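Here's the structure, in structure tokens; my notes come after.
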Amino acid sequence: MNPSSTIRIHGIHYTLPERQVGLEQLAAEGRLISTPETMRDFGFGDCRVSSVPATQLASVTLKALLERHGVDPLKVGLLINASVLATSSLVPKGDALAEFPQGENAHLEMFRFSSTRLQDELGLSNARTVGLSELGCVSLSHAVWLAHAVMEMEGLEYALCVNADVFPDGIKREVVYNVCSDSACAVLLSRNPEGSRIKTYQTLTRGYYWDPDGHQNELLAAYFPTGKRILEKTLKASGLAREDIQLLIPHNVSLRSWEILSKFTGIPLGKIYTENIRPKGHSVAADNWINLKDVIDRGLVKKGDHVMMFSFGLGAHWGCSIVQI
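Residue numbering for the sequence shown follows our numbering, starting at 1 and increasing by one per position.
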């Protein structure tokens, strides 16, 4: 990132469905692979389940973010929709939760994109829209990095990034030993100097693991050494030492995995924010940003502190950034 950049994280807002489903109920519905006891040992509790499609969650979240910060929708120059699940990036017919489009005009329904609907609903008439896909859980962080770059190149005043994912009915909620919640999270970037600054964003992609089912065991074996590598790469790019990081903000995957990664990297578990894993579950690509908002709102970090945000996405992508509050 350009050290002289005036672009800042201006605001974050997220929406979690009110409906909470416990591990026993998920197991009874056939939506877990492991036992509830195993998932509880891994640090999980309830997961959040939406009764509305991802596009509606995204719309509510973006509207609240703009209103909270008093931003005129006409001043937004870019909207990036970073939904992970293919079904989350489409607007279902009749706005009901549905599986992949069916029927005579299914070929047309596959072009009902969320990003353009969101532009229309929110009055973002001057914003170009981008749909970002195939990045798994790093999608929202990657969208923020991309928005930052476009704002630099084109002198935009505001940009919006949003991730919203809702699992289709009947699909399992356990993904590689993690319990997944539905959610939406939006990030507003601006040139307001009072916001938080992104110092660096680093990624590693390993295409060999493109098939998470066929390569699951190998992927699990590579997760920790590659995670250590991206953390070290990010620190080097930022010019900071490990001791300069006030808090590591993770994605909400298994607490057990963070206990291992803590020992593997030398980062004390007490400096890793894991409080949201049990009550909120793993919200696919939204975790880092939900957690960042929560640690700021709870006063766990102060102005000038550096936080590191780590995520991994099936596909396989490792992503890590450092933000100065």
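A virtual CB, placed ideally from N, CA and C, is assigned to each residue, including glycine.
All values derive from a computational prediction rather than experimental measurement.
Endpoints, alpha helix (DSSP H) assigned at residue i
i              : result
leucine 140    : 139-154
isoleucine 7   : Careful: isoleucine 7 lies outside any alpha helix (DSSP H) and carries neither H nor E.
tyrosine 201   : No alpha helix (DSSP H) contains tyrosine 201, which is instead part of the beta strand (DSSP E) from 197-205.
asparagine 256 : The identity of residue 256 in the sequence shown is arginine, whereas the question assumes asparagine. Here the alpha helix (DSSP H) through arginine 256 covers 255-265.
leucine 216    : The amino acid at residue 216 is misidentified as leucine; the sequence shows glutamine. Taken as a continuous stretch (DSSP letters only), the alpha helix (DSSP H) holding glutamine 216 covers 216-238.
glutamine 119  : 114-122
alanine 277    : Note on identity: in this sequence residue 277 is isoleucine, with alanine being the wrong assignment. Residues 277-280.
methionine 39  : 36-41
arginine 31    : Where arginine 31 is concerned, there is no enclosing alpha helix (DSSP H), given that its DSSP letter is neither H nor E.
threonine 55   : 54-68
aspartate 287  : 287-297
glutamate 109  : 106-109
Same chain, Cβ closer than 6 angstroms to residue i, neighbours up to 5 away in sequence not counted
i              : result
asparagine 192 : Arg8, His10
valine 60      : Thr15
isoleucine 33  : Glu174
alanine 235    : The sequence as given places leucine at residue 235; alanine does not occur at that position. Excluding residues within five positions, none has a Cβ falling inside 6 angstroms.
arginine 256   : Phe42
Span of the beta strand (DSSP E), counted from its first residue to its last, around residue i
i             : result
valine 130    : 128-131
glutamine 309 : Checking the sequence, you will find methionine at residue 309 rather than glutamine. 306-313 is the span of the beta strand (DSSP E), which, as asked, contains methionine 309.
glycine 326   : Shown here, the chain extends from 1 to 325; a query on residue 326 therefore has no answer.
leucine 248   : 245-249
Paired residues, beta bridge with residue i - DSSP
i             : result
arginine 19   : Per DSSP, none; premise fails for arginine 19.
serine 183    : Asp165
tyrosine 14   : Cys185
arginine 191  : Paired residues: none, contrary to the question.
serine 159    : Before going further, note that residue 159 is alanine rather than serine in the sequence given. Answer is Leu78, Leu189.
glutamate 174 : Val179
leucine 90    : Phe113
arginine 48   : Gln20
Cβ shell of residue i (< 7 angstroms), same chain only, five flanking positions each side left out
i                 : result
glutamate 127     : The sequence shown places alanine at residue 127, rather than the glutamate named in the question. Cβ within range, chain order: Val76, Gly77, Leu78, Leu79, Gln119.
leucine 300       : Leu247
phenylalanine 224 : Ile260, Leu261, Phe264
leucine 219       : Tyr209, Pro212, Ala316
glutamine 216     : Val176
Min CB distance residue i to chain D below 8 angstroms
i           : result
leucine 269 : The structure shown has no chain D; it contains just one protein chain.
Chain-order list of residues whose beta-carbon lies under 8 angstroms from that of residue i (same chain, five-residue window excluded)
i          : result
alanine 27 : Thr35, Pro36
Does the count of Cβ pairs from the segment 76-85 and the segment 136-150 closer than 8 angstroms reach three? As far as the Cβ criterion goes, the segment 76-85 touches the segment 136-150, which means the pair count is three or higher.
Touching by the beta-carbon criterion (3+ pairs, under 8 angstroms), the segment 66-73 and the segment 128-141: no
Pairs of beta-carbons, one from the segment 291-298 and one from the segment 263-281, closer than 8 angstroms: are there three or more? Three or more beta-carbon pairs separated by less than 8 angstroms link the segment 291-298 to the segment 263-281, which places the two stretches in contact.
Determine, using beta-carbon pairs with one atom in the segment 200-212 and one in the segment 36-46, whether at least three such pairs fall under 8 angstroms. no
Do the segment 303-310 and the segment 213-231 touch if we need at least three Cβ pairs shorter than 8 angstroms? Enough Cβ pairs lie closer than 8 angstroms, so yes.
Below 8 angstroms, how does it come out for the segment 102-109 and the segment 179-195: are there three or more Cβ pairs, yes or no? no
Are there three or more Cβ pairs, one per stretch, closer than 8 angstroms when the segment 157-168 is compared with the segment 280-290? yes
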